[in-house]
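Taken in order, these protein sequences are the chains called A and B. First residue of the first sequence: 3, per this note's numbering; consecutive thereafter. First residue of the second sequence: 3, per this note's numbering; consecutive thereafter. Glycine included, C-beta positions come from ideal geometry on N, C-alpha and C.
Protein chains: 2
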Amino acid sequence: MLNETAVAVLEQSSATEPEKRIRDRSATERAILKAAKNLLAEEGFQNFGINAVARRAGCDKQLIYRYYGGLDGLVEAIGTDLGNWVKDRIPEDAGGMFLLTYGDLMERLALLFLEALRDDPLMRRVVAWEVSENTEQVKRLSEARSKSLGQWLDRMRGSLTPPKGIDVAAVNALIFASIQHLVLAAAAGGQCAGLVLKNNKDWEKAAIALKRLVRGVYG
Amino acid sequence: MLNETAVAVLEQSSATEPEKRIRDRSATERAILKAAKNLLAEEGFQNFGINAVARRAGCDKQLIYRYYGGLDGLVEAIGTDLGNWVKDRIPEDAGGMFLLTYGDLMERLALLFLEALRDDPLMRRVVAWEVSENTEQVKRLSEARSKSLGQWLDRMRGSLTPPKGIDVAAVNALIFASIQHLVLAAAAGGQCAGLVLKNNKDWEKAAIALKRLVRGVYG
DNA sequence: ACTGTTACTCACCGATTGGTGACAGACCGG
DNA sequence: CCGGTCTGTCACCAATCGGTGAGTAACAGT
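What follows is the structure, encoded as structure tokens:
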């Protein structure tokens, strides 16, 4: 990539010059991070490595070592980005709606989370990564993500009091676990436990079932 | 491994001769399959390759190509084994119990499935594999698994009629999805969505929450 | 214009990967 | 005894991996 532009410059520059991006460290850093995120989102964590990222970023892998301290640092940077995931991807104005009960809230949050996860391939890969490996890299990703998720839940809860006599943490963990696995399985194979999940109609059924599940516990 | 025994034999055989296993095709096939399953269960699908399997089986990788047609065939053999998973790992006598309602049944099945999955590292790796990759190998594994799971559900349902007005397939998919993700996340990082899952007490809480969830929809 | 720093590239390293062809020895039928 | 088949071993291949040291080109300060 970069070579082509450089060569083009040497050859007195042919017609188009697509973004030179020479000797601009911060721009290169951004390009690397972007390349890493796109690569992870599209290819998954299987082929996620120094060489592949450098190849996609169109720069030498040495720069990844220099600017991010290797793959670990790069993953950490991704994790930092991911800390703002809920803030970036999920509308916060749900508090302004008529959420009278804890059940109202959880139903809404569950549906929002389902949709957001369904629309974000990067986040899906990260979640899949979390349940597949246990390296230090992944641990950090996982922590950042669950922390930000927990804060989101707290923030949205506001002054609503959860029902007594129910282990809310455990029940909510199960609910969000079901959403995550459903979306992951669907993204991977188009179905989950025999339930086909491809077109919007399929997903509408799943959403209804999810509502029923939430309403079952929280009324 | 095998070299050591061979050398020992050439050296007029020292004291112990741990299972010679020479020139016995079916035994070698079994050893390879066993090695593959153990490797997958212990190391995960990340480092699951021809070389690693051959190394663990103590034979040349060429034999894997000859006897199984490469990794694909080997994975398929594992999948065939996995087709009997529910039969092997989950007691079938639950039908003889007092399961009066569909809710009784699903609660029992959910708990059985949770426990069985928790106790089987190989199956956990396979499930994690399913949501992480979409190769032909994994597809076959996934199909065999979900098919056998579906048959199990049908078999256990017996003459019990599911409640009307509920999309049982979708709800059950969500329930089993929650179990799978919970167990996977716990096995990977010891927690799921902030809920710590390490000792038996933690799991007891999760089981209670699971019951509540099932009872919520199915009464 | 000289100098030093910054941004970047390149060439190479050892290790490991999936895959293949050639070979050696045990066994069996003639 | 010989010849062929079966089982298993070994040596080698190109490709890729993560990682490093050395070198080059562009810029800034003086």
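Is residue i buried or exposed, if buried means 16 or more other CB atoms sit within 10 Å of its CB?
i, result
"Leu-212(B)", "buried"
"Gly-46(A)", "buried"
"Ala-190(A)", "buried"
"Glu-109(B)", "buried"
"Phe-178(A)", "buried"
"Lys-36(A)", "exposed"
"Lys-39(A)", "buried"
"Gly-81(A)", "buried"
"Leu-84(A)", "buried"
"Gln-153(B)", "exposed"
"Arg-147(B)", "buried"
"Ala-29(A)", "exposed"
"Glu-206(B)", "exposed"
"Gly-105(B)", "buried"
"Ile-24(B)", "exposed"
"Asn-53(B)", "exposed"
"Gln-182(A)", "buried"
"Leu-176(B)", "buried"
"Leu-102(A)", "exposed"
Since residue i is in the alpha helix (DSSP H), which residue starts that stretch and which ends it?
i, result
"Lys-213(A)", "202-220"
"Lys-39(A)", "27-45"
"Gly-152(B)", "138-159"
"Leu-65(B)", "63-70"
"Ala-89(A)", "The sequence shown places Lys at residue 89(A), not Ala. 87-91 is the extent of the alpha helix (DSSP H) around Lys-89(A)."
"Glu-109(A)", "104-120"
"Lys-82(A)", "First, the residue type needs correcting, since residue 82(A) is Thr and not Lys in the sequence shown. 73-84 is the extent of the alpha helix (DSSP H) around Thr-82(A)."
"Glu-132(B)", "123-132"
Quick one: does residue i have its CB under 7 angstroms from some CB of chain A?
i, result
"Gly-160(B)", "no"
"Asn-136(B)", "yes"
"Ala-112(B)", "no"
"Lys-39(B)", "no"
"Ala-33(B)", "no"
"Val-88(B)", "no"
"Gly-218(B)", "yes"
"Gly-152(B)", "yes"
Closest Cβ-Cβ distance between residue i and chain B: below 7 angstroms?
i, result
"Arg-120(A)", "no"
"Phe-100(A)", "no"
"Ala-188(A)", "no"
"Ala-175(A)", "yes"
For residue i, go through chain B and note every residue whose CB falls closer than 7 angstroms to its CB, in chain order.
i, result
"Gln-182(A)", "His-183"
"Ala-146(A)", "Those do not exist, as Ala-146(A) stays about 12 angstroms from chain B at its closest Cβ, beyond 7 angstroms."
"Lys-207(A)", "Asp-169, Ala-172"
Check the Cβ of residue i against every Cβ in chain A and list those closer than 7 angstroms, keeping chain order.
i, result
"Ala-54(B)", "In chain order: nothing, as chain A lies at least about 15 angstroms away."
"Gln-48(B)", "Glu-135"
"Gly-191(B)", "Glu-132, Asn-136, Lys-141, Ser-144"
Report the neighbours of residue i on chain A: residues whose CB is nearer than 8 angstroms to its CB, in chain order.
i, result
"Gly-85(B)", "Ordered by position in chain A, no residue passes the 8 angstroms Cβ test against Gly-85(B), which lies about 15 angstroms from the chain."
Can you pull the chain A neighbours of residue i, defined as C-beta to C-beta under 9 angstroms?
i, result
"Ile-92(B)", "Chain A residues near Ile-92(B): none, gap ~15 angstroms exceeds 9 angstroms."
"Ile-168(B)", "Ala-211, Arg-214"
"Phe-178(B)", "Ser-180, His-183, Cys-194, Ala-195"
Within the present structure, is the beta-carbon of residue i separated from the nearest heavy atom of the ligand COA by less than 6 angstroms?
i, result
"Leu-84(A)", "The ligand COA is not part of this structure, which contains no ligands at all."
Discussion item. Taking 8 angstroms as the cut-off, does the region 157-174 of chain A touch the region 105-115 of chain B (at least 3 CB pairs, one atom from each stretch)?
Written reply: no
Fill in: Touch test, the region 37-51 of chain A against the region 117-130 of chain A, Cβ-Cβ under 8 angstroms, three pairs minimum
Output reads yes: the region 117-130 of chain A touches the region 37-51 of chain A.
Practice prompt. State whether the region 56-68 of chain B contacts the region 79-93 of chain B, with contact taken as three or more CB pairs (one from each stretch) at a distance under 8 angstroms.
Written response: no
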